[in-house]
Structures are given as structure tokens and as C-alpha cells.
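Q: Residue numbers (this note's numbering): 1 to 342.
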Ligand SMILES: [Zn+2]
């Protein structure tokens, strides 16, 4: 394009702009008007307040986005807020029937954003024990773990060991299949169906006298141990690896070889799987994670898992997300394995 024709085009556009702007008020020579519809759409948040425990809608929750005037969710939990700012904004949801929630929303956002709130009637103290017991912040897996079943019965040496020596005993393959079924069911239950299957399932046999690692990144290792109960007075142990931001990156389950053959084995497996998922003991009420073995999965456990998996790791009591949760999960600090828990 030659300079001459560019100048001519400029003149033409000025005339068109003046013609359009003439009827709506003074014309700014430097800031061309932008279409009004997309700009205002990006500043509206449409949301719904619901129970994180059972997904029922919750009416009458006060919603404050940034420094805007608070609004209240309607009979079906819906609300609409307009804001002048795009990008991340703090949002606070409060009400007599819910635990006060603080999190961020990033605008613009399409559709209706569901805010799952903890009902005030939910046992938050027991939830804190189970899901925030390590460092007073939520910890959980953020991807489906893989499962490794050591199909050789191992020797129990110490509750701190990260490797184990194989005996000459093998677990019958039908027992391995049943164990994998129990653990897959347990994974779905204890993650509120966030993970309905392990990312991968591996059966691994170890030559007698050789050693196998029980601490592996991204995996949950499960094994039967000879004499675990007689040496420790427990029937099983579990442990996990966690990052500083609360992301769980590894897990291990140690099952007494004899007890894991009894009719109570599914509860033992589910309990130790809970530890491998990063959960601690619940002492305040009946729970699969109660240290007294015998309780099955309770409504509390299912609802607690549903609440936990609607929040990012690092969420703190009463219900506050880490302020930069959108950005920090890929750089969560050093990984450390915790001690085994019975
Ligand atoms: Zn335990």
C-alpha cells in the first residue's frame, strides 16, 4: 500500500466514525468505541450456591464479589453479580446454613458457576481431622493414582522401611483380582467418584530374597506382609507422600497377610487406602478412617470426600482456598513421605 492511499483511507474512516458517533454524543478522537455487548458480558458472574455434601441448592446465601455490594442467592440458589474488573476476584459466600467460604473467581466465565458450600450442620471438626490433619490444610491427589500390587508376600521389617524383602509365598491370582476390585471400589468412594479407576494397575512379582520399593512417585503400592500383626499389634499400615501445597504424590499400603484373608479384609483395605490417599484418623465419630477397625464407609466419609474434591489442596478451615490456587499447583515444593500410620 502506498503512503498516498493510506492517507486517503484514513480520511474515509474518520468520516465514517464521525457519522456513527454524531448521534450518541461527543466523539473522542483517540479512543474508538468498542462494541458494548462483549465488554459488559465479561463483567457478569452468574452463580448457584449448593451443598458440597449432596449438591442440593442452597437459598439465601450472601455473595460478595470483590468490593461490590453483596447480593443474596434466590430460592433456587441462583445469583448474578456485575463487576467492573476482569481477571481474578475474591469472592465470599456466607449465611447461617453454611460454613463461610472464601475463594477466587476468574472473569470472564461462561455459564453458571456452581459454588459447593459446606453445610453448617456438617461435622467440620471430624473433616479437619481426616482431610486437613497433617498441616491444617486440605491434602489430596489431583490426578488418578496408579496401583501396583506386589503379588509376592513380603517380610515385615519396620514400619519406617521404604523397601521390603520378598518371601517365597505368592498371593493366589484370584485373591489379587479381588483385592484390585476392593481397592477400585474404595478409590471411587473415597474420592467421591472423582477417580473411578486407577490410572494403571500393575501386578508385580518379586523373586524370594530380592527387595521391592514400597515408596514410588505417582503410585500406590499395596503388599501383604507376613507376621505384620505379631510384630506390631496392628493389622495394617498406610502412608503417603505429600508436597508442601497439600498435593499427594504417592501412597503405600501394608496389609497383614493373615488378616487380609479374613472376612474383614475389605474394611482393612479401604482404611489403609484412605491413608495412601493422604487421609488421617477420625477419632471424633464413626468413620472408615476411625483407628478402631470395624466401622464401614459412613455417610460422613462420602460427604467429606465430596467436599474435599470440590476444593483445591491447601484449602484451610473454615473454608478458605489458597489465594493463588489457580497458579501454584504445578510448583508445590518438596515431596516428603510421612511415617506409616496403623
Ligand atoms: Zn489407620
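In this text, a Cβ means the ideal position worked out from N, Cα and C, and glycines have one as well.
Bear in mind that the values here come from a model prediction, so they are computed numbers and not experimental data.
Extract the residue ranges of the beta strand (DSSP E) inside the segment 229–268, only unbroken runs of 3 or more that lie entirely within it.
A: The qualifying runs are 236–243 and 248–256.
Q: Is residue 291 near ligand 1, with its Cβ less than 7 Å from a heavy atom?
A: By 1-based counting over the chain shown, the position of residue 291 is 291. Yes; taking the cut-off as 7 Å, the Cβ of residue 291 has a heavy atom of ligand 1 nearer than that.
Q: With H, G and I counted as helix, E and B as strand and the rest as coil, what does DSSP make of residue 209?
A: Indexing the chain shown from 1 puts residue 209 at position 209. DSSP places residue 209 in coil when its eight states are reduced to three.
Q: Consult DSSP for residue 285 and reduce its assignment to one of helix, strand or coil.
A: Position 285 of the chain shown, counted from the first residue, corresponds to residue 285. Coil, per DSSP.
Q: Distance check for residue 127 and residue 174, CA to CA, integer angstroms please.
A: Locating residue 174 in the chain shown gives position 174, counting from the first residue. Locating residue 127 in the chain shown gives position 127, counting from the first residue. Near 36 Å, if we compare the C-alpha coordinates of residue 127 and residue 174.
Q: Determine, using beta carbons only, whether residue 266 and residue 177 come nearer to each other than 8 Å.
A: Taking the chain shown and counting its residues from 1, one reaches residue 266 at position 266. Taking the chain shown and counting its residues from 1, one reaches residue 177 at position 177. Contact: no.
Q: When the Cα atoms are used, what is the spatial distance from residue 51 to residue 165?
A: Taking the first residue of the chain shown as 1, we reach residue 51 at position 51. Taking the first residue of the chain shown as 1, we reach residue 165 at position 165. Spanning the two alpha carbons is a distance of roughly 47 Å.
Q: In terms of alpha-carbon separation, which member of 333, 296 and 57 lies closest to residue 249?
A: Taking the chain shown and counting its residues from 1, the one referred to as residue 249 is at position 249. Residue 249 has its Cα closest to that of 333, out of 333, 296 and 57.
Q: Given a cut-off of 8 Å, decide if residue 223 and residue 375 are closer than it, judged by their beta-carbon atoms.
A: Residue 375 is absent from the model: the chain starts at 1 and stops at 342.
Q: By Cβ distance, which residues of its chain are closer than 8 Å to residue 170, with the 5 residues on each side in sequence left out?
A: Working through the chain shown from its first residue, we reach residue 170 at position 170. Closer than 8 Å at the Cβ level, and outside the excluded window around residue 170, lie 151, 152, 153 and 205.
Q: Quick check on residue 310: buried or exposed, where buried means 16 or more other Cβ atoms within 10 Å of its Cβ?
A: For the purposes of this step, residue 310 is taken as residue 310 along the chain shown, with counting starting at 1. Residue 310 comes out buried.
Q: Touching or not, the segment 214–221 and the segment 297–307, by the rule of three or more beta carbon pairs under 8 Å?
A: No, the segment 214–221 does not touch the segment 297–307.
Q: By how many angstroms is the C-alpha of residue 312 removed from the C-alpha of residue 83?
A: Position 83 of the chain shown, counted from the first residue, corresponds to residue 83. Position 312 of the chain shown, counted from the first residue, corresponds to residue 312. Approximately 25 Å between the Cα atoms of the pair.
Q: Return the bridge partner residues of residue 66 from the DSSP annotation.
A: Within the chain shown, residue 66 is the residue found at index 66, counting from 1. In the DSSP output, where bridge partners are listed per residue, residue 66 has none listed.
Q: Cα separation between residue 102 and residue 66?
A: Walking along the chain shown from the start, residue 102 turns up at place 102. Walking along the chain shown from the start, residue 66 turns up at place 66. Using only the alpha carbons, I get a separation of about 11 Å.
Q: Per DSSP, which residues does residue 115 bridge with? Please list them.
A: Within the chain shown, the letter at position 115 stands for residue 115. DSSP lists 49 as partners of residue 115.
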